[in-house]
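Student: In my numbering, the protein residues as written are 1206 to 2091. We put the beta carbon where it would ideally sit given N, CA and C, even for glycine. Here the structure is a predicted model, which is why all the values come from computation and not from measurement. Sharing a structure, written as structure tokens. Questions coming.
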């Protein structure tokens, strides 16, 4: 293996060879469950235990009665248990694959030297010998030994537990010192909070310090989301309630009718199991996970990458979006338009990252001053401009790149950047940066900050003292440029220095850089407003610049606040102000955090965007932290819940819309599953309770079940999974972005939904029992068919009632006929379920398995007609609710 050439880094070929030798730079994943164990886990469910009991009971009855033929009930229940396990296993695997895909999308990246060029690669592709380039906001991708460092400070609390960030220095440290004292090393999983540096990768993957700790960690269980907890509580409560009812019914039957043999005991036990099976929607957890995964994947297709599934619940409830300006509300194509120096203005043409174009100066001196200003700004610069197949692209800060783009417009054939001897990097607290090169020190930053360090001003080829009136004139120029919507930066230099001393500088000029608003941002803000979502713009720009851009986007910028305004307010005053103020300028990280806290205290669900390391605390505090995928630092992405792949505010609004759609769809299939299972419970419970009235008696006068246990299992198999899953991808309702945000405290299954569940369940049970009574002799209506035919007709009615209910459940307020054909998956699942029901009624071997008998045309018409009453009843209910609201 060849050694690393530090000035140029590894070659691509050598890096690939080392990757084969050392493996990928990733920690060993937790032991993956074998596929067979995942499948077996599908049987670890109270409902499945009930089905096993039912199998044991039916098999015992078959044995006691002489073991004639095949124990049909046992075989059928067993096959249905396996079919349910296969469905659950498949859905769980799909959800797991979706989460794994999202994890790959949010993987960390590192900047390295490869083939002599600065390159951004996935951190998992780092190899020993790579030259790692570190800057503020980077997550350190591997254990590396420092080559150089300028004001490099690294937060190592995730590794050492020390809360204080560590200042790093390439000077060698003694061997065997504690980890926290190894200042010449940076470690995987830590974060650069200040400064820049280069380092040679020494260890990757499990050989890193983080990897050694990982080997000692026990696997921890992930915390369930509020939604999953609520679903689990409902399932347990419903299950316990129905088991209690089943026990009461079984005891009552045993006492009233007596137990006259094994057959009676088996029938009573199967009745209890049937009630329990009817009540619990066993496919619910798997469907929930899959629908969330599908929702998150839909967001990813819209460039919004959610880092975990439960976040979808919160996103749909967002009531305030606190958005950064640059790159989110604007194009993030910083264009340097104007240079104002002592002798006048120089106007530049061109836009975006295209370096072609001309510059027009007001006079010769202005031209000279503009050239010096651009050379200084392009030298005190950490961005890179590269030409690719997709055009000009930048690596680094867009504002810094604006100098590189503008340089050839002002300076003919500019020289390459000189060797850098030292640097004091930019920070949000200092608001300036400085570099030292042979013979010169160059600084750029906020004009007001830079002016305080200047004593002279450049005029043509000479310098003059910077008088107070000129300082005022320069600040007036800054104000004027800001009113035009420009972001302003001052540029200064000092000659003959050999040390980094940021004082006694010569002021060169002020540049006006504009980042035009995105065309779609204004529309997205209006859409958010209609959806009850308030947008707040937070930026570090000058207040006048911020107000100018805000006004063009439709904000009310008359009451724009600065960080100083926030500092001067008491908590009570700020709590009042934050309710009406939508534009904040010149804010520090602490101000962002205070804004988020005040909004949350006022009952808002807050989404906060950010790209810099200083945004991480506010992102972590917000309900939804949104990191920029293009310009965001690795630390910010780590703290965020969602990552915008395109850094576009419109994507946030699209993601909120998808979050609302996903949440709506969860409520749809919950409404469907619970009401359908309620219908089964009502059918079995009242079928037994009213058996005498309905004619459900055998020849000996004993009570018979309205539905067999195998028939209930069949209903759950063909009507639960398919239609419920299809509702999980139901298209958005037309009014999804016209409604006010859902409060996070609102229950997913509220009182109104429970009323609907019970109402539909009662209707469903009533039409099923009425169908059985219609064909069965000896009931309220005296029919003429056998018990098998009447029960089959009731069984078919319940299946089709649930399929009609699938159309109902798509909305709790709108008619089922509105957009009835929009969801092709739902119609496909309904068609498959209907076809399977025809098969189970008319195919002989399925008749034997499920206790069915063939139905004629009249039976089918009555069964489907009675089932359609479920749709009619809910349509009437929706009309009444609509009329009362009007």
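Quick one: residues in its chain with C-beta nearer than 6 Å to the C-beta of residue 1809, no 5 flanking neighbours on either side, listed in chain order?
Tutor: Position 604 of the chain shown, counted from the start, is the residue given in the question as residue 1809. If we look at residue 1809 and ignore the five residues flanking it on each side, its Cβ neighbours are 1524, 1525.
Student: Do the segment 1934 to 1954 and the segment 2062 to 2073 meet, that is, are 3 or more Cβ pairs less than 8 Å apart?
Tutor: no
Student: Evaluate the contact criterion for the segment 1396 to 1412 versus the segment 1343 to 1355: three or more CB pairs, one atom per stretch, below 8 Å.
Tutor: yes
Student: Quick one: which unbroken beta strand (DSSP E) runs of 3-plus residues sit fully inside the segment 1560 to 1584? Chain order, please.
Tutor: Within the segment 1560 to 1584, the complete beta strand (DSSP E) runs of at least 3 residues fall at 1564 to 1566.
Student: Beta carbon of residue 1862, beta carbon of residue 1942: below 7 Å?
Tutor: Mapped onto the chain shown, residue 1862 falls at position 657. Mapped onto the chain shown, residue 1942 falls at position 737. The answer is yes: Cβ separation under 7 Å.
Student: Per DSSP, which one or two residues make a beta bridge with residue 1529?
Tutor: As a first step, residue 1529 must be located in the chain shown, where it is residue number 324. 1743.
Student: If you measure between the beta carbons of residue 1791 and residue 1750, is that distance less than 7 Å?
Tutor: Translated into the one-based positions of the chain shown, residue 1791 becomes position 586. Translated into the one-based positions of the chain shown, residue 1750 becomes position 545. No, the Cβ-Cβ distance between residue 1791 and residue 1750 is not below 7 Å.
Student: Would DSSP call residue 1239 helix, strand or coil?
Tutor: Here residue 1239 refers to the residue found at position 34 when the chain shown is read from its first residue. Looking at residue 1239 - three-state DSSP - the assignment turns out to be coil, as it is neither helix nor strand.
Student: Kindly confirm or deny that the segment 1641 to 1649 and the segment 1699 to 1708 touch, where touching means at least three C-beta pairs closer than 8 Å.
Tutor: yes
Student: How many angstroms separate the CA atom of residue 1849 from the CA atom of residue 1833?
Tutor: Residue 1849 sits at position 644 when you count from the first residue of the chain shown. Residue 1833 sits at position 628 when you count from the first residue of the chain shown. Cα to Cα, residue 1849 sits roughly 5 Å from residue 1833.
Student: Report all residues from its chain with a CB closer than 8 Å to the CB of residue 2086; omit the five preceding and five following residues, and keep chain order.
Tutor: Within the chain shown, residue 2086 is the residue found at index 881, counting from 1. Closer than 8 Å at the Cβ level, and outside the excluded window around residue 2086, lie 2018.
Student: Would a C-beta distance cut-off of 7 Å place residue 2051 and residue 2043 closer than the cut-off?
Tutor: As a working mapping, residue 2051 is identified with position 846 in the chain shown. As a working mapping, residue 2043 is identified with position 838 in the chain shown. No; because the gap between Cβ atoms is not below 7 Å, this pair is not in contact.
Student: Go through its chain and collect everything with a Cβ distance to residue 2005's Cβ below 6 Å, but skip five positions before and after it.
Tutor: If you number the chain shown from 1, residue 2005 lands on position 800. Here the set comprises 2069, 2072.
Student: At what residues does the alpha helix (DSSP H) containing residue 1769 begin and finish?
Tutor: To locate residue 1769, count along the chain shown from 1; it is residue 564. Segment 1768 to 1772, the alpha helix (DSSP H) holding residue 1769.
Student: Can you pull the DSSP bridge partners for residue 1322?
Tutor: One-based indexing of the chain shown puts residue 1322 at position 117. Bridge partners of residue 1322: 1319.
Student: If I follow the unbroken alpha helix (DSSP H) through residue 1679, where does it start and stop?
Tutor: Translated into the one-based positions of the chain shown, residue 1679 becomes position 474. Residues 1673 to 1688.
Student: What span of residues does the beta strand (DSSP E) with residue 1408 cover, start to end?
Tutor: To locate residue 1408, count along the chain shown from 1; it is residue 203. Residue 1408 -> beta strand (DSSP E) spans 1396 to 1408.
Student: Can you tell me whether residue 1516 is helix, strand or coil according to DSSP?
Tutor: Here residue 1516 refers to the residue found at position 311 of the chain shown. Residue 1516 falls in the helix class under three-state DSSP.
Student: So, is residue 1796 buried or exposed, given that buried needs 16 or more other C-beta atoms within 10 angstroms?
Tutor: The residue you call residue 1796 lines up with position 591 of the chain shown. Result: buried.
Student: From this set, 2047, 1695, 1353, 1972, which residue's C-alpha is nearest residue 1626's C-alpha?
Tutor: Translated into the one-based positions of the chain shown, residue 1626 becomes position 421. Closest option to residue 1626, Cα to Cα, is 1353.
Student: So what's residue 1314 in DSSP terms, helix, strand or just coil?
Tutor: Taking the first residue of the chain shown as position 1, residue 1314 is located at position 109. In the structure shown, residue 1314 sits in a strand (DSSP, three-state: E or B).
Student: Residue 1172 to residue 1873, Cα distance in whole Å?
Tutor: Outside the displayed span of the chain (1206 to 2091) sits residue 1172, for which this structure offers no information.
Student: How about residue 1845 and residue 1866: do their beta carbons lie closer than 7 Å?
Tutor: Stepping through the chain shown from its first residue, residue 1845 is reached at position 640. Stepping through the chain shown from its first residue, residue 1866 is reached at position 661. For the pair residue 1845 and residue 1866, the CB atoms are not nearer than the 7 Å cut-off.
Student: Identify the continuous alpha helix (DSSP H) that holds residue 1667 and give its terminal residues.
Tutor: Locating residue 1667 in the chain shown gives position 462, counting from the first residue. Here residue 1667 belongs to no alpha helix (DSSP H); instead the beta strand (DSSP E) covers 1667 to 1670.
Student: Shortest alpha-carbon distance to residue 2040 belongs to which of 1453, 1663, 1920?
Tutor: Stepping through the chain shown from its first residue, residue 2040 is reached at position 835. Looking at the Cα atoms, 1920 is the closest of the given residues.
Student: Can you have a look at residue 1672 and say buried or exposed, based on whether 16 or more other CB atoms are within 10 angstroms of its CB?
Tutor: Along the chain shown, read from residue 1 onward, the residue named residue 1672 stands at position 467. So residue 1672 counts as exposed.
Student: When you compare the CB positions of residue 1541 and residue 1716, do they come within less than 7 Å of one another, or not?
Tutor: Working through the chain shown from its first residue, we reach residue 1541 at position 336. Working through the chain shown from its first residue, we reach residue 1716 at position 511. Yes, they are a contact pair.
Student: With three or more C-beta pairs closer than 8 Å as the rule, is the segment 1822 to 1829 touching the segment 1798 to 1812?
Tutor: yes
Student: If you follow the beta strand (DSSP E) that residue 1956 is part of, which residue opens it and which one closes it?
Tutor: Indexing the chain shown from 1 puts residue 1956 at position 751. First-last for residue 1956: 1956 to 1980, but that is the alpha helix (DSSP H), not the beta strand (DSSP E).
Student: Using the C-alpha atoms, what's the distance from residue 1397 back to residue 2093?
Tutor: Nothing about residue 2093 can be read from this structure; the chain reaches only from 1206 to 2091.
Student: Of the choices 1858, 1654, 1623, 1606, whose alpha-carbon is the least far from that of residue 1729?
Tutor: Indexing the chain shown from 1 puts residue 1729 at position 524. Of the candidates 1858, 1654, 1623, 1606, the one whose C-alpha sits nearest the C-alpha of residue 1729 is 1858.
Student: Distance, Cα to Cα, residue 1334 vs residue 1215?
Tutor: By one-based count along the chain shown, residue 1334 stands at place 129. By one-based count along the chain shown, residue 1215 stands at place 10. If I take the Cα positions, the gap works out to 7 Å.
Student: With DSSP as the reference, please indicate the residues paired to residue 1712 in a beta bridge.
Tutor: Residue mapping note: residue 1712 aligns to position 507 of the chain shown, counting from 1. According to DSSP, which records beta bridges pairwise, residue 1712 is partnered with 1662, 1697.
Student: Could you tell me the distance, in whole angstroms, from the CA atom of residue 1764 to the CA atom of residue 1789?
Tutor: Your numbering for residue 1764 matches position 559 in the chain shown. Your numbering for residue 1789 matches position 584 in the chain shown. Annotation: residue 1764 to residue 1789 spans about 9 Å, alpha carbon to alpha carbon.
Student: Below 6 Å CB to CB, which residues in the same chain sit around residue 1651 once its five sequence neighbours on both sides are set aside?
Tutor: As a first step, residue 1651 must be located in the chain shown, where it is residue number 446. Excluding residues within five positions, the ones whose Cβ falls inside 6 Å are 1636.
Student: For residue 1428 and residue 1711, I'd like the C-alpha separation in whole angstroms.
Tutor: By one-based count along the chain shown, residue 1428 stands at place 223. By one-based count along the chain shown, residue 1711 stands at place 506. Note that residue 1428 scores 45 on pLDDT, short of 50, meaning its location in the model is unreliable and no value can be drawn from it.
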